[in-house]
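Report on the structure given below.
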Amino acid sequence: MIPYGRQDITQADIDAVLAILQSDFLTQGPMVPRFEEGVALHVGAQHALAVNSATSALHIACLALGLGSGDYLWTSPVTFVASANCGLYCGARVDFVDIDPRTYNLCPDALARKLEQAEQNGTLPKVVVPVHLSGQPCDMQAIHELSKRYGFSIIEDASHAIGGMYQKQFIGNCRYSDITVFSFHPVKIITTAEGGMALTNNTQLAERMALLRSHGITREESKMTHEADGPWYYQQIDLGFNYRMTELQAALGVSQLVRLDEYVARRHELARRYDHLLSDLPLLLPWQHPDSYSGLHLYVIRVQQDKLNISHRQIFESLREQGVGVNLHYIPVHMQPYYQRMGFVAGDFPEAESYYREAISLPMFQAMTEMQQDIVVSALQKALSP
Numbered sequence: 009m010i011p012y013g014r015q016d017i018t019q020a021d022i023d024a025v026l027a028i029l030q031s032d033f034l035t036q037g038p039m040v041p042r043f044e045e046g047v048a049l050h051v052g053a054q055h056a057l058a059v060n061s062a063t064s065a066l067h068i069a070c071l072a073l074g075l076g077s078g079d080y081l082w083t084s085p086v087t088f089v090a091s092a093n094c095g096l097y098c099g100a101r102v103d104f105v106d107i108d109p110r111t112y113n114l115c116p117d118a119l120a121r122k123l124e125q126a127e128q129n130g131t132l133p134k135v136v137v138p139v140h141l142s143g144q145p146c147d148m149q150a151i152h153e154l155s156k157r158y159g160f161s162i163i164e165d166a167s168h169a170i171g172g173m174y175q176k177q178f179i180g181n182c183r184y185s186d187i188t189v190f191s192f193h194p195v196k197i198i199t200t201a202e203g204g205m206a207l208t209n210n211t212q213l214a215e216r217m218a219l220l221r222s223h224g225i226t227r228e229e230s231k232m233t234h235e236a237d238g239p240w241y242y243q244q245i246d247l248g249f250n251y252r253m254t255e256l257q258a259a260l261g262v263s264q265l266v267r268l269d270e271y272v273a274r275r276h277e278l279a280r281r282y283d284h285l286l287s288d289l290p291l292l293l294p295w296q297h298p299d300s301y302s303g304l305h306l307y308v309i310r311v312q313q314d315k316l317n318i319s320h321r322q323i324f325e326s327l328r329e330q331g332v333g334v335n336l337h338y339i340p341v342h343m344q345p346y347y348q349r350m351g352f353v354a355g356d357f358p359e360a361e362s363y364y365r366e367a368i369s370l371p372m373f374q375a376m377t378e379m380q381q382d383i384v385v386s387a388l389q390k391a392l393s394p
């Protein structure tokens, strides 16, 4: 089976992790700060906080921005559930903004219309989470301009997008957001096995997230309620979590980061080849906004049902049966039973639902060979012509 995505582990990665196993620190040592500094320097952010998952990063980002009971968080319906669940963890209410039919990202025009109505209803969001689906950035300048008018904070869910660019600057620099979140899951562009990171240019937000990721505990006397009892002393000054990244994960991340630009460039080579090989098939191929350089975590096609006598599901199942591990990213969050119990129904976000009926994620990973890609294309041709 050719997977839709997989990690690329080299001997250098293995050696980096083995070195940690033979060191004095398996957790809370020098490697995590080194990884944070490396990512922050690469993307141009002032602060980076490594955590055990992007979900954890989203959670502490929301808390750092003060999201709580009675507040609203808005995000895209076409995303993994974590982009919405982070609001629920904070006791907030969640709503969605429909997608742009070409980029599949949160649509700024739909956002503007919804904000205008929410202002009249007194239901403006406190936080908006644009999701850079497949690695292509949202129209962050337009979203940022709306944030200045309506007063919401922005968390970029860039779980798919490390190594990509927006307006010729690396995603993650937080030029148009308060906080940006990356994921390092094994199918992502670089991996720490499990892991995530929150980046910001705001020192207060960085300090707040650092506190929340480690039980709300501080050893900084300036933050304590009284003078330390001794050099052993610490205080819990908030209710935090155990969201720390280990030294083993960070060592793998440091090693992988060296190859980040190479990995993204290879994904672009594969995408261009897909574009050429699939150009004559009844498919909508990924469209790239001229302001963007996608991280290309995913290569998503949409089947043109009006030109076919076979269903989306049949095409998907045929590809799986032929050994091509396609996937679908994602089932719109508002169609999940948990969210439908909140009152969301089919028809709420028609562009997202149309996308779901047609989308298929083809295999895309940096170690993919042209021979494997030819197998995928051949299987797709067969699936489309039963």
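Numbering-wise (the working numbering), the sequence shown opens with residue 9 and increments by one. Where is the CB? At the ideal position from N, CA and C, for every residue including glycine.
- Leaving out the 5 sequence neighbours to the left and right, which residues in its chain are closer than 7 Å to R328 when beta-carbon positions are compared? These residues qualify, in order along the chain: V334.
- Query: Is the CB of A72 under 8 Å away from at least one CB in chain B?
  - Reply: No chain B appears in this structure, which consists of one protein chain only.
- Message: Please report the straight-line C-alpha distance between G95 and V102, rounded to a whole angstrom.
- Response: C-alpha of G95 to C-alpha of V102: approximately 6 Å in a straight line.
- Task: Please list, in chain order, all residues of the same chain as L278 whose beta carbon is under 7 Å from its beta carbon, the five residues on each side excluded.
- Result: Close CB contacts of L278 within its chain, under the 7 Å cut and outside five residues either way in sequence, are with M372, M376, Q381 (chain order).
- To the nearest whole angstrom, what separates the beta carbons of Y158 and L132, a pair I think is in contact under 8 Å? Rounded, the Cβ-Cβ distance is 6 Å, consistent with contact.
- Message: Pull the bridge partners of M205 from the DSSP assignment, please.
- Response: M205 is bridged to A58, F190.
- Message: Helix, strand or coil for Y80? Go by DSSP, reduced to three states.
- Response: Secondary structure of Y80 (DSSP, three-state): strand.
- Query: L286 by DSSP, collapsed to three states: which one?
  - Reply: Shown here, L286 sits in coil according to DSSP, grouped into three states, outside any helix or strand.
- Would you please state the rounded distance, in angstroms, between the beta carbons of N113 and C146? I believe it to be under 8 Å. Sure, about 4 Å apart at Cβ, within 8 Å.
- Would you call the CB atoms of L370 and A214 closer than 8 Å? No, the pair does not count as a contact, with Cβ atoms beyond the cut-off.
- Message: Is the separation between the beta-carbon of L207 and that of A53 shorter than 8 Å?
- Response: Cβ atoms of L207 and A53: closer than 8 Å.
- Query: For V89, which residues from the same chain have a beta carbon less than 6 Å from its beta carbon, with the 5 sequence-adjacent residues on both sides left out?
  - Reply: Excluding residues up to 5 positions away in sequence, V341 lie with their Cβ nearer than 6 Å to the Cβ of V89 in the same chain.
- Which value, in whole angstroms, describes the spacing of the CA atoms of W82 and G355? Answer to the nearest angstrom: the Cα atoms are 18 Å apart.
- Should the stretch 240-255 be regarded as contacting the stretch 58-69, the criterion being three or more beta carbon pairs within less than 8 Å? For the pair of segments examined, the stretch 240-255 was found to touch the stretch 58-69: the number of CB pairs separated by less than 8 Å reaches three.
- Query: What residues match up with R252 in a beta bridge as DSSP calls it?
  - Reply: Answer is V59.
- DSSP state of T211, grouped into three classes? Looking at T211 - three-state DSSP - the assignment turns out to be helix.
- Message: According to DSSP, is F104 part of a helix, a strand, or is it coil?
- Response: Looking at F104 - three-state DSSP - the assignment turns out to be strand.
- Item | Simplified DSSP assignment, three categories, for D147 | D147: coil per DSSP, three-state reduction.
- Item | Rounded separation between Q374 and R275 - CA only | Q374 and R275: Cα-Cα distance of roughly 6 Å.
- Item | Bridge partner(s) assigned by DSSP for M173 | Answer is F178, Y301, bridged to M173.
- Item | Residue environment, M379, which counts as buried when at least 16 other CB atoms sit within 10 Å | An exposed status is given to M379, since fewer than 16 other beta-carbon atoms sit within 10 Å of its beta-carbon.
- Task: Over the uninterrupted alpha helix (DSSP H) stretch that includes L370, give me the two end residues.
- Result: For L370, there is no enclosing alpha helix (DSSP H); the enclosing beta strand (DSSP E) has its first and last residue at 367-370.
- Message: Tell me which residues share the same chain as R14 and place their Cβ nearer than 6 Å to its Cβ, disregarding the 5 neighbours each side in the sequence.
- Response: Hits under 6 Å: F373.
- Inter-residue Cα distance where the pair is Y347 and A65: Looking at the two C-alpha atoms, the distance is approximately 22 Å.
- Item | S84 versus L34, D237, H297, P358, residue with shortest Cα-Cα distance | Taking only the C-alpha atoms, the option nearest S84 is P358.
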